[in-house]
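Trainee: Sharing a structure with you now.
Okay, here's the thing in structure tokens:
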């Protein structure tokens, strides 16, 4: 592949339709839905067969970036991260990545990939990218089209202009796009399937970054102006707050609607690899093995006589009897029960939770941080119990809490503890307390993960009662 | 009421059909299903309108007695407890209580009441007992019959001999029983309902204890012999192990099948109070208020468009969409989902759990002890985290663990801690550790409950790693 080829992985979505496994701050690309890697890990692994890690740009936001870095820790020293100050749909996100690339390489060609798709057939994927790269050099805005396998109403469609063949490559053909069609009704979808020439819109693209900018100029001049201004601010070391302010004023528009549907250069390659946008819980049926009664069973389940149902659970026990075409999803703090036919409405449920201010829509009981993660075991009035897992060589900020004392029991590994002027180490089965308002730090000086049970006690035990004196991860006091 | 009237409350059942709210060691009489008291609390409160607390005998077993005593702590210094060494059905349990009563009062008349029934109409209940007492003095074995309100197939029936009126009292009549009928099919139940003269068998009885013994002699002579031998052993201070051994050899038989169906003295009073044997989750529909779509919603639920469904949950969040005629029960460690029509099969599910050795069938994450309770927050390999709640004036045994250290953080109240030779007090926000193999004790010297977070660390953290030096509750080392 050309050294001018780059990948932009879109990983800024928020989790709604896979609640309660996904959360606003823990969307589905971070889930192990199929296999032993999360969707974003699988996406990166696939893309690394096409471009080197230093050519990969992960576009995400401040809420998710630490979790993503942890998940991609195998490669994260080489990977590049583009932070969206706020979610403004795919148009601005891709634009931001394009400007970043152009500063590095005026000949940059980018393959744009959502982080949460399931793809099988890495060889065929690689061929499609190679062909896309070629067409992009001729100025095409390339999109990968998926040959429909059924009258799917959940996807957008692309009608290819089969008389306008723009090139071929190892059995693949590239056509001019005739038109984009929004999610159709069943009747239309059946017609599309029958007539041929219609493809599913996969949301994967290949284009030259400079060409993309030209297309922005033609179809989204205001957005382009905003992106240029932002890029200049970033280049000249502008203040973060101002960059965020500018980004928030950008038009929130998808790349499909804002550009592809308007451009004369839209080109589609019907691809050969198998593809699935894991859209809702019911789509798991097509991904995971089913038992002889047609059930998908992941987790700790005792079932009597259920049929064609989907169970996706963690450690807690779920008992079920005689369910038909149901979905049961269970996490440590929340459970979902709904018929397979109504999994689209999970989105609405999450909206209700958001309005209620329910914490179960925002994040999991497990929260990822640059130094590791913590799991809330109990959160009550006046105290909180957490299990802290700290990576080797990492440490918390040197900090102080105005409202709470903290008590640590080491469960595994070695804890180096700073308390006031003293520094001391504790091993498994040892414990200590940090008085209210004492300056302190927890550190893992060892080579294995440190596990600590922390009990916080105080009138207020919120995460925001923290004064940071020093932080390895540049977090504000 | 006569001073010779006593109540025997049967509270030895094990929890299967109300799993996961009930557990083997936490059956449904211990649940707050309706109102703010548990079923056994309601039963005792009702019976205390008829007899004084010192005349009440609660028949249960060693696994449940501490939880029951906690729930009945308002009255427990006066209440009497009869411990079944093992569950042998209602025949031996009632027999055991009868012998105990006869030692106290040769004229004892006992009203026998299951601990897990829902009854409305305390005045009418009292009248029925008063009438039952009168008939019992004439030698009758009285059972309370419930007038059917529908063709119920889940109950046994009693056919009364309406031509054999044995007496009347304030509008109530007592009849000779013609026959007992096991749970009928729907057709039979409809016929019973139509014909009149058939009553639901409530499992509530009134008889003189001496008469009961005579009936045992007539119909269950072997069982009687066993009960007499046991009673003698207990009276003469026989060894507990031998008493248990003897009890285990008793025939496991219900009082209905073993005695009532065979006796010529079986008498039925059709009663006027409203009665419900809360048999399965689906019976909650008749007990709890329903919303406008017919749902029973207890707990933390976010629902979109469900109908005629039953939700019974605790603190965790349950999200549901479009359920019809379903049951969802959620507890901290286990969730049940099944159609209302199949709640009888919960029993089978629990049987599967039992065979698997799943802890979720035995007890809750909350476990009651004579000194209070503990809740398991996390149980993992090598450590365990608990929240301990200790009643004022109570204390743990003076104890030692061979395999684990323990770490205590006080959350509320005052902890008096014995560690080796030292005794010291800790307040909220203070913590300490008990090294492995150190003799120790936790005590609540205060007047408010003590709350402690305990972290256990060790190669083995099972409850049976304990050496007791002294115990206020007579538990063995």
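Protein chains in written order, with the numbering used here: chain A, 1 to 477; chain B, 1001 to 1477. Each residue gets a CB set at the ideal place from its N, CA and C atoms; glycine is no exception. Values in this document were obtained by computation on a predicted structure and should not be read as measured data.
Quick check on residue 155 of chain A: does DSSP put it in helix, strand or coil?
Mentor: Taking the first residue of the first chain as position 1, residue 155 of chain A is located at position 155. Reduced to three states, the DSSP call for residue 155 of chain A is coil.
Trainee: Where DSSP assigns a beta bridge to residue 271 of chain A, which residues make up the other side?
Mentor: Along the first chain, one-based indexing puts residue 271 of chain A at 271. Residue 271 of chain A pairs with A/146.
Trainee: What residues from the stretch 447-465 of chain A come within 8 Å of chain B, judged by C-beta to C-beta, listed N to C?
Mentor: Cβ contacts with chain B come from 453, 455, 457 and 458.
Trainee: For residue 438 of chain A, would you say it is in contact with chain B, using Cβ-to-Cβ distances shorter than 8 Å as the test?
Mentor: The residue given as residue 438 of chain A occupies position 438 in the first chain. Taking Cβ atoms only, chain B never reaches closer than 8 Å to residue 438 of chain A, which makes this a no.
Trainee: Flag this pair as touching only if the stretch 171-183 of chain A and the stretch 128-143 of chain A have three or more C-beta atom pairs under 8 Å; answer yes or no.
Mentor: Enough Cβ pairs lie closer than 8 Å, so yes.
Trainee: Per DSSP, what are the beta-bridge partners of residue 1436 of chain B in this structure?
Mentor: For the purposes of this step, residue 1436 of chain B is taken as residue 436 along the second chain, with counting starting at 1. According to DSSP, residue 1436 of chain B bridges with nothing at all.
Trainee: Any Cβ of chain E within less than 8 Å of the Cβ of residue 1334 of chain B?
Mentor: No chain E is part of this structure, whose protein chains are labelled A and B.
Trainee: With DSSP collapsed to three states, give me the class of residue 1043 of chain B.
Mentor: What you label residue 1043 of chain B is simply residue 43 of the second chain in a count that begins at 1. Three-state result, residue 1043 of chain B: helix.
Trainee: Taking only beta carbons into account, state which residues of the stretch 356-369 of chain A come closer than 7 Å to chain B, listed in chain order.
Mentor: Within the stretch 356-369 of chain A, the qualifying residues are 358 and 360.
Trainee: On the DSSP bridge assignment, give the partners of residue 80 of chain A in chain order.
Mentor: Locating residue 80 of chain A in the first chain gives position 80, where the first residue counts as 1. Looking at the DSSP assignment, residue 80 of chain A forms a beta bridge with A/57.
Trainee: Using the beta-carbon count (16 or more within 10 Å), is residue 196 of chain A buried or exposed?
Mentor: In the first chain, residue 196 of chain A corresponds to position 196, counting from 1. Label assigned to residue 196 of chain A: exposed.
Trainee: Name the DSSP bridge partner or partners of residue 208 of chain A?
Mentor: Counted from its first residue, the first chain places residue 208 of chain A at position 208. Per DSSP, A/109.
Trainee: Check the C-beta distance from residue 97 of chain A over to residue 164 of chain A and give it rounded, since I have them as a contact under 8 Å.
Mentor: Counting from 1 along the first chain, the entry for residue 97 of chain A is found at position 97. Counting from 1 along the first chain, the entry for residue 164 of chain A is found at position 164. The Cβ separation is near 29 Å, so there is no contact.
Trainee: Check whether chain B comes within 8 Å of residue 322 of chain A, counting only Cβ atoms and requiring the distance to be less than that.
Mentor: Taking the first residue of the first chain as 1, we reach residue 322 of chain A at position 322. Chain B contact via Cβ: present.
Trainee: Which residues mark the beginning and the end of the beta strand (DSSP E) in which residue 173 of chain A is found?
Mentor: Here residue 173 of chain A refers to the residue found at position 173 when the first chain is read from its first residue. It spans 172-181 - the beta strand (DSSP E) in which residue 173 of chain A sits, taken as one unbroken run.
Trainee: Counting pairs of Cβ atoms below 8 Å between the stretch 1439-1458 of chain B and the stretch 1386-1406 of chain B, do you hit three or more?
Mentor: At 8 Å Cβ cutoff, the stretches touch.
Trainee: Kindly indicate if chain B contains any beta-carbon less than 8 Å away from that of residue 407 of chain A.
Mentor: Position 407 of the first chain holds residue 407 of chain A. Yes, its Cβ sits closer than 8 Å to a Cβ of chain B.
Trainee: Pop quiz: residue 79 of chain A and residue 72 of chain A are said to be a contact at Cβ under 8 Å. What is the actual Cβ separation, rounded to whole angstroms?
Mentor: Numbered from its first residue, the first chain carries residue 79 of chain A at position 79. Numbered from its first residue, the first chain carries residue 72 of chain A at position 72. Confirmed, about 6 Å.
Trainee: Consult DSSP for residue 311 of chain A and reduce its assignment to one of helix, strand or coil.
Mentor: Along the first chain, read from residue 1 onward, the residue named residue 311 of chain A stands at position 311. If DSSP states are grouped into helix, strand and coil, residue 311 of chain A belongs with the strands.
Trainee: Can you have a look at residue 1062 of chain B and say buried or exposed, based on whether 16 or more other CB atoms are within 10 angstroms of its CB?
Mentor: By one-based count along the second chain, residue 1062 of chain B stands at place 62. So residue 1062 of chain B ends up on the exposed side.
Trainee: Please work out which residues of its chain come closer than 6 Å, Cβ to Cβ, to residue 526 of chain A, disregarding the five sequence neighbours upstream and downstream, and give them in chain order.
Mentor: Outside the shown range of chain A (1 to 477) lies residue 526 of chain A, about which nothing can therefore be said.
Trainee: Alpha helix (DSSP H) containing residue 1235 of chain B: first to last residue?
Mentor: Here residue 1235 of chain B is taken as the residue at index 235 of the second chain, counted from 1. From DSSP, the alpha helix (DSSP H) with residue 1235 of chain B extends over 1221-1235.
Trainee: What are the complete alpha helix (DSSP H) segments, minimum 4 residues, inside the stretch 1318-1356 of chain B?
Mentor: The qualifying runs are 1346-1356.
Trainee: Checking contacts by CB at 8 Å: is residue 1411 of chain B closer than that to chain A?
Mentor: Walking along the second chain from the start, residue 1411 of chain B turns up at place 411. So, interface residue.
Trainee: Can you tell me whether DSSP reads residue 1 of chain A as helix, strand or coil?
Mentor: Residue mapping note: residue 1 of chain A aligns to position 1 of the first chain, counting from 1. The answer is coil: DSSP assigns residue 1 of chain A none of H, G, I, E or B.
Trainee: Looking at the unbroken beta strand (DSSP E) that takes in residue 1304 of chain B, where does it start and where does it end?
Mentor: Numbered from 1 along the second chain, position 304 holds the residue referred to as residue 1304 of chain B. That run of the beta strand (DSSP E) goes 1301-1304.
Trainee: Give me whichever residues DSSP pairs with residue 1200 of chain B in a beta bridge.
Mentor: Your numbering for residue 1200 of chain B matches position 200 in the second chain. In DSSP, residue 1200 of chain B forms a bridge with B/1146 and B/1157.
Trainee: Alpha carbon to alpha carbon, how far is residue 1186 of chain B from residue 1259 of chain B?
Mentor: Stepping through the second chain from its first residue, residue 1186 of chain B is reached at position 186. Stepping through the second chain from its first residue, residue 1259 of chain B is reached at position 259. Straight-line Cα distance between these residues: approximately 27 Å.
Trainee: Just tell me which of A/166, A/201 and A/179 has its CA closest to the CA of residue 154 of chain A.
Mentor: Translated into positions along the first chain, residue 154 of chain A becomes position 154. Looking at the Cα atoms, A/201 is the closest of the given residues.
Trainee: Would residue 91 of chain A be called buried (16 or more neighbouring beta carbons within 10 Å of its own) or exposed?
Mentor: Taking the first residue of the first chain as position 1, residue 91 of chain A is located at position 91. That one is buried.
Trainee: Does the beta carbon of residue 376 of chain A come closer than 8 Å to any beta carbon on chain B?
Mentor: Stepping through the first chain from its first residue, residue 376 of chain A is reached at position 376. No, residue 376 of chain A lies away from the interface with chain B (no Cβ there is under 8 Å from its Cβ).
Trainee: With 9 Å as the limit, tell me which residues of the stretch 1342-1354 of chain B have their beta carbon closer than that to any beta carbon of chain A; keep them in chain order.
Mentor: Under the 9 Å Cβ criterion, the stretch 1342-1354 of chain B contributes 1342, 1343, 1345, 1346, 1348, 1349, 1350, 1352 and 1353.
Trainee: So residue 34 of chain A and residue 118 of chain A are in contact, right, with Cβ under 8 Å, and what is the actual spacing, rounded?
Mentor: In the first chain, counting from the first residue as 1, residue 34 of chain A sits at position 34. In the first chain, counting from the first residue as 1, residue 118 of chain A sits at position 118. Between residue 118 of chain A and residue 34 of chain A the Cβ distance is about 6 Å, and since that is below 8 Å, they are a contact.
Trainee: Out of B/1371, B/1405 and B/1466, point me to the one whose CA is closest to residue 430 of chain A's CA.
Mentor: Sequence index remark: in the first chain, residue 430 of chain A carries index 430 (1-based). When each option's Cα is compared against that of residue 430 of chain A, the closest is B/1405.
Trainee: Look up residue 373 of chain A in the DSSP assignment and give the residues it is bridged to.
Mentor: Here residue 373 of chain A refers to the residue found at position 373 of the first chain. For residue 373 of chain A, which the question treats as bridged, DSSP gives the partners A/368 and A/389.
Trainee: Alpha helix (DSSP H) containing residue 1068 of chain B: first to last residue?
Mentor: Taking the first residue of the second chain as position 1, residue 1068 of chain B is located at position 68. First-last of the alpha helix (DSSP H) with residue 1068 of chain B: 1062-1071.
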